[in-house]
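Participant: Sharing a structure here in structure tokens format.
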Amino acid sequence: MHRHLLYNGEIRSTSEPLVSPGQTGYMNGWGIFSTLRVLDGVLFAYERHYARMKRDAPRVQVPFEITEEALKLQLAKLIQANDVKNATLRVAVVRNHGGTFEGTGITRDTDIVVFTADLTVWGESVKLYSVPNGRHAASPFAGTKVLSWLQNLTWYEEAHQRGFDEVVLLNEHGHVSECTSANIFAILGNRVMTPPLETSGCLPGVTRALLLEEIRTPGLTIAEQELTPADLENAEQVFITSTTRDLLPVASIDGQPLKQAPEKLSALRRSFSEYQHTYVTSRQPQPETAKA
4 MHRHLLYNGE IRSTSEPLVS PGQTGYMNGW GIFSTLRVLD GVLFAYERHY ARMKRDAPRV
64 QVPFEITEEA LKLQLAKLIQ ANDVKNATLR VAVVRNHGGT FEGTGITRDT DIVVFTADLT
124 VWGESVKLYS VPNGRHAASP FAGTKVLSWL QNLTWYEEAH QRGFDEVVLL NEHGHVSECT
184 SANIFAILGN RVMTPPLETS GCLPGVTRAL LLEEIRTPGL TIAEQELTPA DLENAEQVFI
244 TSTTRDLLPV ASIDGQPLKQ APEKLSALRR SFSEYQHTYV TSRQPQPETA KA
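Structure below.
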């Protein structure tokens with residue numbers, strides 16, 4: 004974590020004691036969050052992250068009234084304060100009231116807490132192991148990015164204890180859903196498939212959405228399709244996606260090496276990088292034209 008954080012619109016030091024034990028959201032994981040990428044000083048795909056938080060907040064009764072532009076201006080203040088060009092940025096909207104053990108003297112309905120950190124080095128590929136019933140696709144909260152991250156962190160830690168990097172979570176039907184903090188794709192011939200939001204229980208990742216809606220790669224079609232563990236085993240290439248990982252190949256699942264199609268994945272990566280470059284370039288401040 005970098006030196007400064009944003010606390011309800013103010014730049015504060017990360018060493019300051021800002022949390023009260025009576026704040027419901029901190030005690031119960033009652034809130035929403037999103038992780039963004041600062042890319043050459045620009046908040047990549049910010050509009051999509053804001054839209055997802057705006058969608059998730061009423062699902063879990065979290066007040067989220069700040070406008071898209073107002074929040075963006077606050078995030079820009081933090082980026083400037085920490086003097087970062089390429090980093091991870093985390094926005095958390097934490098509910099303060101409700102429940103049995105609410106503290107006294109808390110006036111805000113929510114706290115908006117934001118920090119930045121260095122980018123994680125993920126390596127060249129990942130090794131996964133599978134977890135049955137890791138997602139409940141029929142849950143009304145499926146696909147909601149909430150602060151209560153206990154299950155994901157537990158599985159993630161267990162993965163590392165067992166010599167893996169991440170887990171692939173199956174839903175109650177035995178179908179592939181996602182990883183703890185990444186979506187998953189399989190290349191099957193000329194099709195690039197990822198589990199559907201409606202039936203898999205996966206989160207609507209921003210990188211996932213960009214691949215489905217914006218990225219065009221000649222010879223490849225990107226779409227949703229229910230996937231089974233057997234589909235992953237038989238795929239030409241499996242890869243995971245997230246805001247901080249972009250597109251990262253999967254080397255093995257449950258110790259079983261997977262096929263690799265580096266030429267197809269490289270083509271997808273090029274298309275995604277081109278989209279990133281276009282997005283960032285179009286949003287960077289333009290130098291003033293020199294006066295004659």
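In this text, residue positions in the sequence shown follow our numbering: the first is 4, and each later residue adds one. Yeah, the Cβ is synthetic: ideal placement off N, Cα and C, and Gly gets one too. All values reported here derive from a predicted model rather than from experimental measurement.
#1: Would you kindly check if the distance between the Cβ of residue 161 and the Cβ of residue 183 is under 8 Å?
#2: Return the Cβ separation of residue 206 and residue 148 in integer angstroms, given the expectation that the two are a contact with Cβ distance under 8 Å.
#3: Decide yes or no for the touch test of the stretch 152 to 167 against the stretch 125 to 132: beta carbon pairs closer than 8 Å, at least 3 of them.
#4: Residue 198 and residue 230 look like a contact to me (Cβ under 8 Å); what is the Cβ gap, rounded to whole Å?
#5: Grab the span of the alpha helix (DSSP H) containing residue 275 for me, first residue to last.
#6: Classify residue 85 as helix, strand or coil using the three-state DSSP reduction.
#7: Spatial neighbours of residue 233 within its chain, please: CB distance less than 6 Å, with the 5 preceding and 5 following residues excluded, ordered by chain position.
#8: Per the contact definition of three or more C-beta pairs closer than 8 Å, is the stretch 265 to 281 in contact with the stretch 72 to 89?
#9: With distances taken from CA atoms, which of 185, 150, 139, 124 is nearest residue 159?
#10: Please look up how many angstroms separate the CB atoms of residue 36 and residue 94, rounded, as I've assumed it's under 8 Å.
#11: For a minimum of 4 consecutive residues, which ranges assigned as the alpha helix (DSSP H) are wholly contained in the stretch 174 to 241?
#12: Measuring only the C-alpha atoms, how far is residue 246 from residue 102?
#13: Could you tell me whether the Cβ atoms of residue 144 and residue 51 are closer together than 8 Å?
#14: Taking C-alpha atoms, which residue in 154, 122, 120 lies nearest to residue 136?
#15: Count the other CB atoms, across all protein chains shown, that sit within 10 Å of the CB of residue 177; report buried if there are 16 or more and exposed otherwise.
#16: Could you give the distance in angstroms between the alpha-carbon of residue 217 and the alpha-carbon of residue 282?
#17: Can you list, in chain order, the residues of its chain with a C-beta nearer than 8 Å to that of residue 112? Leave out the 5 residues immediately preceding and following it.
#18: Quick one: Cα of residue 125 to Cα of residue 214, how far?
#19: Applying the criterion that 16 or more other CB atoms from any shown protein chain within 10 Å of the CB defines a buried residue, is residue 18 buried or exposed?
#20: With DSSP as the reference, label residue 50 as helix, strand or coil.
#21: Within this structure, are the beta carbons of residue 34 and residue 28 separated by less than 8 Å?
#22: Can the beta-carbon of residue 242 be found closer than 8 Å to that of residue 235?
#23: Does DSSP put residue 120 in a helix, a strand or coil?
Facilitator: Reading off the structure:
#1: At a Cβ-Cβ threshold of 8 Å, residue 183 and residue 161 do not count as neighbours.
#2: Between residue 206 and residue 148 a beta carbon distance of about 6 Å is seen, short of the 8 Å cut, so the two are scored as contacting.
#3: Yes, the stretch 152 to 167 is in contact with the stretch 125 to 132.
#4: For residue 198 against residue 230, the beta-carbon gap comes to about 5 Å, under 8 Å, which counts as contact.
#5: 265 to 286 is the span of the alpha helix (DSSP H), which, as asked, contains residue 275.
#6: In the three-state reduction of the DSSP assignment, residue 85 falls in the helix class, which pools H, G and I.
#7: Excluding five sequence positions before and after residue 233, none of the CB atoms of its chain fall closer than 6 Å to its own CB.
#8: Verdict: no, contact absent.
#9: Among 185, 150, 139, 124, the Cα nearest to that of residue 159 is on 185.
#10: In this structure residue 36 touches residue 94 by the C-beta definition: roughly 6 Å separates them, less than 8 Å.
#11: Listed in chain order, the complete alpha helix (DSSP H) runs (minimum 4 residues) inside the stretch 174 to 241 are 200 to 203, 209 to 216, 232 to 237.
#12: Cα-Cα distance, rounded: 33 Å.
#13: Contact flag unset, no.
#14: For residue 136, the closest alpha carbon among the candidates 154, 122, 120 is that of 154.
#15: Classification for residue 177: exposed.
#16: Taking C-alpha positions only, residue 217 is separated from residue 282 by approximately 11 Å.
#17: Once the five neighbours on either side are set aside, the close Cβ partners of residue 112 are 66, 98, 99, 100.
#18: Near 20 Å, if we compare the C-alpha coordinates of residue 214 and residue 125.
#19: The residue in question, residue 18, is exposed, as its Cβ has fewer than 16 Cβ neighbours within 10 Å.
#20: For residue 50, the secondary structure class from DSSP, reduced to helix, strand or coil, is helix.
#21: Yes, these two residues count as a Cβ contact at 8 Å.
#22: Their beta carbons are not under 8 Å apart, which means residue 242 does not touch residue 235 by this criterion.
#23: Reduced to three states, the DSSP call for residue 120 is strand.
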